[in-house]
Amino acid sequence: MHSLKEKVSEKFSRLFRDSENSSSQNQARPYSNGGKSLTSYFSYIIPSIGFDGSGPDKHQHEFKLIPSLPLRYKSRNLKCQDELLDSHTPCSNTVKEKKETQSDQAKDEILDAKASGGSTSCSEVFEEAVDHLSLQKASLCNLMDESVFISPDLYEFLFSSIPNIVKGCQWVLLYSTLKHGISLRTLIRRSAELSGPCLLIVGDKQGAVFGGLLDCPLKPTAQRKFQGTNQTFVFTTIYGEPRLFRPTGANRYYYLCLDDQLALGAGGNFALCLDGDLLNGTSGPCETFGNMCLAHKPEFELKNVELWGFTHASQYLT
């Protein structure tokens, strides 16, 4: 290895001496590129060696400086790069974690938006909620009295079921056991205050709400004679949501009104039957409406009874 270094150093020394001698004898211009001579490049690479071959320990300096200079800068550059990477790693991790957090929050907002209304925007969900509340308030404004049974959802259901001729009317509470006492005769008498159809709404002690559409005013008969038209229906809420049963056409037993009994439907059972004191009732499947039992049990105790009429007048005085 040492002999190889000596041979290379001798060749470089010979080359420099030859170039110097030829330059001094022929006075020729040395090769240059952009104003820099070839010797300037060699002096930059091997600064410790003169072109005349002079200098102490020239064989050692020229081979120690040539490899050590680029290696020193290379190692320094690598070190700087490592330091930069180390210094930026926490920042990059922080940015990445922030983006992931924002993404998770956005997903949660979207999921919350889909669970509350099938909407992907928070503003749309808010607008839908406001519209729903406004619709509920506007709907219940048609009720001129408070009801024990009618909720906004039940109102919308009944509103869509009543005849079109009374859909633009205000709802008037003709009779309520809480206001007018417990008596079927009182209910029949107060039903005469308005003409047209009326809604009978009752409830049992277990929380079911049910009833039907009748003709107003109610006219009791001496014998068991059925009245009404095919607009009569019965409904109930015990099946998870309001459910309506309209006439099947099997018979015309729409409703029966006696002094001591009020019943809707017939053929097998009464769909709904109330006694004279409005304390007890029965319900079962009947052919008139093709319904099932409207209450939780075929025989039940009444919680309350309401009779609602419809009027175009802006005010109604009881």
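Positions 1 to 318 (UniProt numbering) are the ones given, in order, by the sequence shown. We put the CB at the ideal spot given by N, CA and C, even for glycine.
(request) Name the two residues that bound the continuous alpha helix (DSSP H) containing residue 188. (result) 184-190
* To the nearest whole angstrom, what separates the beta carbons of residue 252 and residue 289, a pair I think is in contact under 8 Å? -> Incorrect: roughly 12 Å between the Cβ atoms, too far for contact.
Notebook entry, point to check: So what's residue 204 in DSSP terms, helix, strand or just coil?
Noted result: strand
Residues that residue 304 bridges to, as DSSP identifies them
203
Any contact between the region 167-187 and the region 223-239? By contact I mean 3 or more CB pairs, one from each, below 8 Å.
no
With DSSP as the reference, label residue 57 as helix, strand or coil.
Note that residue 57 scores 47 on pLDDT, short of 50, meaning its location in the model is unreliable; the coordinates nonetheless yield the value given after this. Note: residue 57 maps to coil in three-state DSSP.
**Asked** Does the beta carbon of residue 155 fall short of 7 Å from some heavy atom of the ligand PLP?
**Response** You won't find the ligand PLP in this model; it holds no ligand whatsoever.
Give me the residue from 223, 222, 272 and 257 with the minimum Cα distance to residue 245. 272
*Could you check what DSSP says for residue 149 in three-state terms: helix, strand or coil?*
coil
- Query: With DSSP run on the structure shown, which of helix, strand or coil describes residue 310?
  - Reply: strand
Report the rounded CA-to-CA distance for residue 167 versus residue 212, giving the unit in angstroms. 16 Å
Alpha-carbon spacing of residue 201 relative to residue 295, whole angstroms:
12 Å
Exercise for the section: Give me whichever residues DSSP pairs with residue 243 in a beta bridge. Expected result: 236
Notebook entry, point to check: If you draw a straight line from the C-alpha of residue 300 to the C-alpha of residue 175, how long is it?
Noted result: 21 Å
**Q.** Alpha-carbon spacing of residue 203 relative to residue 158, whole angstroms
**A.** 16 Å
* To do: With a 10 Å radius around its C-beta and 16 neighbouring C-beta atoms as the bar for buried, classify residue 279 as buried or exposed.
  => exposed
**Asked** According to DSSP, what are the bridge partners of residue 263?
**Response** 256 and 273
Query raised in the report: Roughly how many whole angstroms lie between the Cα atoms of residue 258 and residue 277?
Result: 12 Å
Going by beta-carbon coordinates alone, are residue 293 and residue 268 separated by less than 8 Å? no
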